[in-house]
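A.B. asks: In full-length UniProt numbering, the protein residues as written are 1 to 344. For glycine and all other residues, C-beta sits at the position ideal for the given N, C-alpha and C. The structure is given below, and queries will be raised subsequently.
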């Protein structure tokens, strides 16, 4: 079965697999005191500057929850989109592990705006209410859209004016960078983001994410927090070596650029089928579309993907670094055959 379900289903990039094999050639210090980790951290500092702290963890949920835990207390609340991963796909991890209340804002495109956030700040200073402390945004969003640098600056300035922080879930940050044609620093650190989850798994790595603090004061005690959250990998080099490879010669951008290009190619091919209605802007590596349920069911017999909204018969098709044009051509041709058979 060819998968268009998620970039999580893609293979490990050969160069990253090679980095894992190379890290396995001999013993190395444990818990991040190895040379691979030091080199990977230096790669991040080349991206964002020397005045940052970087911590590697195993998966995206851990990166988000650990990053948020460093900038909140249990009486705080976190404001995010209704589609945010921390709200929909992390099994209540923020509430359970941090103790914070999640305030989700409705959004038609996955992005949130200052005017919507502002409505939830009325309770600041009132002890009967959870205190808003973090605005969490996703780049690119769960609906495949991308915040502009200007939108992020506006949110960051608003947050800091109200004594709040900005957290960015960057599981697909490289896809956003390719769409914006900007360095990742421009729309993160330079745009006022305080804490970033920098994704690796969805962009060719086997496993591993990074928590990046742009304000080093916020990372005080984080190494102990990471240990308490059971994310201090003893053989850290197997995460670090992957990041070193991902950030060498812009591999992270090459992977994401190809995934984005394949999504745009899929969009173009789908225009041949009037029965398919694309429901979101195609800005990263995701296509959201609605089509008749009987066609969806037939297509699922050969291809693996998710039905995003049962009521609207909306599906999500995702591309990755290893998606080929031939894969898309075959997919669209099969979809076209199904349409003709169903409506013959």
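For residue 106, I'd like the list of residues in its chain whose CB is within less than 6 Å of its CB, leaving aside the five on either flank, ordered along the chain.
C.D. replies: 82
A.B. asks: Exposed or buried, what is residue 24 when buried is set at 16 or more other beta-carbons lying within 10 Å of its beta-carbon?
C.D. replies: exposed
A.B. asks: Is the separation between the beta-carbon of residue 183 and that of residue 191 shorter than 8 Å?
C.D. replies: no
A.B. asks: Can you tell me where the alpha helix (DSSP H) holding residue 253 begins and where it ends?
C.D. replies: Where residue 253 is concerned, the enclosing alpha helix (DSSP H) stretches over 251-270.
A.B. asks: What residue range is occupied by the uninterrupted alpha helix (DSSP H) comprising residue 293?
C.D. replies: 293-300
A.B. asks: Out of curiosity, what's the CA-to-CA distance linking residue 250 and residue 162?
C.D. replies: 37 Å
A.B. asks: Tell me the rounded alpha-carbon separation between residue 109 and residue 33.
C.D. replies: 42 Å
A.B. asks: For the beta strand (DSSP E) holding residue 4, just list the boundary residues, first then last.
C.D. replies: Taken as a continuous stretch (DSSP letters only), residue 4 belongs to no beta strand (DSSP E), as it is neither H nor E.
A.B. asks: Go to residue 137, then tell me how far its beta strand (DSSP E) extends in each direction, as first and last residue.
C.D. replies: 131-138
A.B. asks: Could you give the residue range of the alpha helix (DSSP H) that holds residue 172?
C.D. replies: Looking at the DSSP string, residue 172 is not in any alpha helix (DSSP H), and its letter there is neither H nor E.
A.B. asks: From residue 55 to residue 301, what distance separates their C-alpha atoms?
C.D. replies: 41 Å
A.B. asks: Between 304, 323, 326, 322, which has its C-alpha nearest residue 316's C-alpha?
C.D. replies: 304
A.B. asks: In the DSSP assignment, find the unbroken alpha helix (DSSP H) run with residue 45 in it and report its ends.
C.D. replies: 35-48
A.B. asks: Indicate the three-state DSSP secondary structure (helix, strand or coil) for residue 177 in the structure shown.
C.D. replies: helix
A.B. asks: Quickly, what does DSSP pair residue 104 with across the bridge? List them, please.
C.D. replies: As DSSP reads the structure, residue 104 sits in a beta bridge with 80.
A.B. asks: Please identify the residue among 276, 273, 247 whose C-alpha is closest to the C-alpha of residue 46.
C.D. replies: 247
A.B. asks: Report the rounded CA-to-CA distance for residue 194 versus residue 5, giving the unit in angstroms.
C.D. replies: 31 Å
A.B. asks: Flag this pair as touching only if the region 305-313 and the region 333-341 have three or more C-beta atom pairs under 8 Å; answer yes or no.
C.D. replies: no
A.B. asks: Considering Cα atoms alone, identify which of 124, 320, 322, 297 is closest to residue 339.
C.D. replies: 297
A.B. asks: What are the residues that DSSP puts in a beta bridge with residue 278?
C.D. replies: 289
A.B. asks: Mind checking whether residue 44 and residue 212 have CB atoms under 8 Å apart?
C.D. replies: yes
A.B. asks: For residue 58, which option in 187, 120, 198, 266 has the closest C-alpha, if you only look at C-alpha atoms?
C.D. replies: 198
A.B. asks: Under 8 Å between the Cβ atoms of residue 179 and residue 260?
C.D. replies: yes
A.B. asks: Using the C-alpha atoms, what's the distance from residue 200 back to residue 40?
C.D. replies: Computed Cα separation, rounded: 12 Å.
A.B. asks: If I measure Cβ to Cβ from residue 53 and keep anything under 6 Å in the same chain, skipping five residues before and after, which residues do I get?
C.D. replies: 213, 216, 219
A.B. asks: Spell out the partners DSSP gives residue 185 in its beta bridges.
C.D. replies: Note: residue 185 sits in no beta bridge, so no partner.
A.B. asks: DSSP three-state call for residue 230: helix, strand or coil?
C.D. replies: Of the three classes helix, strand and coil, the one that applies to residue 230 here is coil, per DSSP.
A.B. asks: Quick check: the Cα distance between residue 258 and residue 148, rounded to an integer number of angstroms?
C.D. replies: 20 Å
A.B. asks: Smallest Cα separation from residue 3: which of 337, 328, 342, 50?
C.D. replies: 328
A.B. asks: Considering only the beta carbon of each residue, do residue 84 and residue 138 sit closer than 8 Å?
C.D. replies: yes
A.B. asks: Three-state secondary structure (DSSP) at residue 325?
C.D. replies: helix
A.B. asks: Between the beta-carbon of residue 169 and the beta-carbon of residue 86, is there less than 8 Å?
C.D. replies: Residue 86 is positioned such that its CB atom lies closer than 8 Å to that of residue 169.
A.B. asks: Opposite residue 314 in the DSSP bridges: which residues?
C.D. replies: 290, 309
A.B. asks: Any idea if residue 123 is buried or exposed, counting beta-carbon neighbours within 10 angstroms, 16 or more meaning buried?
C.D. replies: Exposed, by the Cβ-count rule.
A.B. asks: Can you tell me whether residue 213 is helix, strand or coil according to DSSP?
C.D. replies: strand
A.B. asks: Inspect the beta-carbon positions of residue 117 and residue 158 and report whether they are closer than 8 Å.
C.D. replies: yes
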